[in-house]
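A.B. asks: Heads up: the sequence shown runs through residues 147 to 564, numbered per my numbering.
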Amino acid sequence: MPTNRTLDAVVVSLRPGMNIYVPGVSGESLAFYRALQANPEACNGVRFIGAHFPGINHSDYIGLHQAARQRNYFMLPGLREGFASGRAELLPLDYQGIYRDLAGMDDIDIAIVQVSPPDRHGICSLGPCQDFIPAVWRRARQRVAHVNSSLPRTRGAFSIRWDEIDIACDAPWEVLSYDNGQPTELQGRIAAHVTGLVRDGDTIELGIGKIQSAIISSLKSHRNLSIYSGMVMAPVLELIDTGVIRGPESIQIGVALGSSDFYQRTAEDPSFFYRPVGDTHDPCKIAAIANFCAINSAVEVDLFGQVNADSINGRQLAGVGGLPNFVQGARMSEGGRSIIVLPSMSDNGRFSRIVAAIPTSCNTAIARQDADYVVSEYGVAMLRGLSVHARAEALIAIAHPEQRDHLASAWSIMMAAL
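#1: From the DSSP output, read off the bridge partner residues of A361.
#2: Use the C-beta contact count for T330: other C-beta atoms within 10 angstroms, 16 or more gives buried, fewer gives exposed.
#3: Would you say Y409 and A286 are within 9 Å of each other, going by their C-beta atoms?
#4: In chain order, which beta strand (DSSP E) runs of at least 3 residues are fully inside the stretch 397 to 482?
#5: Just to confirm, are D277 and V171 a CB contact at a threshold of 9 Å?
#6: Leaving out five residues on either side along the sequence, give the residues of the same chain with a beta carbon under 7 Å from the beta carbon of Q474.
#7: Can you grab the Cα-Cα spacing for the pair P422 / L488, in whole Å?
#8: At 4 residues or longer, what runs of the alpha helix (DSSP H) sit wholly inside the stretch 327 to 357?
#9: Just reading off the beta strand (DSSP E) that L236 is part of, what are its end residues?
#10: Check the C-beta distance from G404 over to M379 and give it rounded, since I have them as a contact under 8 Å.
#11: Please classify M561 as buried or exposed, where buried requires at least 16 other C-beta atoms within 10 Å of its C-beta.
#12: Strictly by DSSP, which residues pair up with C189?
#13: Note down, in chain order, each residue of its chain lying with its Cβ closer than 6 Å to the Cβ of A197, except the 5 sequence neighbours on either side.
#14: Within the same chain, show all residues whose beta-carbon is closer than 6 Å to that of P416, passing over the 5 residues directly before and after it, in chain order.
#15: Nearest to L469 by CA position, among E351, P186, G273 and E414, is which residue?
#16: Between the C-alpha atoms of E480 and G163, what's the straight-line distance to the nearest angstrom?
#17: Suppose only complete runs of 3+ residues qualify. What are the beta strand (DSSP E) ranges in the stretch 173 to 254, listed by chain order?
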């Protein structure tokens, strides 16, 4: 049986050289971070490990103490300053790679996991986040559960038994929330083009973002859709409430992001079922789902069809996430499709996001053969089965009209050099 302690007492027990696993997204224990803030000296020489996302997770673990360290898989504001001093580690891995990396760690001293109170069978739920927790929980030397009565009890493939917890810390606390904002008219135009690429009966995957929210809203005339995805946001409720998605476990996800009301709905509605990354991002499991439609955003696409998903002018914004895993699985799925969505121009209107060639300073997340469709507000470029030249023409046709002549000229020069 676990020992009862406070989160403050756990923080006091930290020592230099320890590795502490702290979950990200909606699984992050905000109460534990607050306890760390209250005693920053305890973070001296401690390394914090987890998959934390810019724009979602705002806790600055490396900023808690000048000797604190952090190992992460996505670029965070605090990590940039830590590179110069060697206190920050950034691993360029996709979701499957992150899961394997965490699962292979034998030196996690403490895993901090947020759970619901145990039920009458002694089982604790992980609430709206399973993603990477199963990779580290049973391998950690000490397993600490932040028992949060505010965390809804969800259904999922992984749960935690009360008797496998070493230390239980009872602390009612707010669960991390996320407001995606409202899609713009331009994002709605992109979504309208995607609507025609999704067929009744498809299983779809969407990342997070305003374009994805607009796409969900645009699918309300479809029927018999399912979702198999890493993350899902509150707009998906529109598809349940209109009958587009129906049936137990028709939405299988690793993480929900939204408000406490949305998290509670995912606990009460049998449509939702949570799975770890080892399931949701396994290309072989995705490939076994017929008519799998992967829909993901990109920073830019070049005229060869290569996709940059996380860099601008060589400056990394986040990471590739699960994009490569879902694209690979979709292309192996019978009837599957990979769809890349992006506006034709940058937010400030100065730069085309359909470019002649991805700069060598940026990272290619998807090779040229992997994107079946690229969609902007100007239409759909269907790349599958096209020659190199025809692919470039299709992509130029969905670029901003003011950029098309420049792209065509650049392409002619590139072809002359081959």
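No residue lacks a Cβ here, since even glycine has one placed at the ideal position from N, Cα and C.
C.D. replies: Walking through what the data contain:
#1: The displayed chain sequence assigns Ile, not Ala, to residue 361. DSSP, once it has assigned bridges, lists no residue as partnering I361.
#2: exposed
#3: no
#4: 397 to 403, 418 to 420, 438 to 443 and 446 to 448
#5: yes
#6: P429
#7: 28 Å
#8: 331 to 341
#9: A234 to L236
#10: 6 Å
#11: exposed
#12: Bridge partners of C189: none, in fact.
#13: G170, Y219, I244 and F278
#14: P394
#15: E351
#16: 49 Å
#17: 193 to 195, 215 to 218 and 234 to 236
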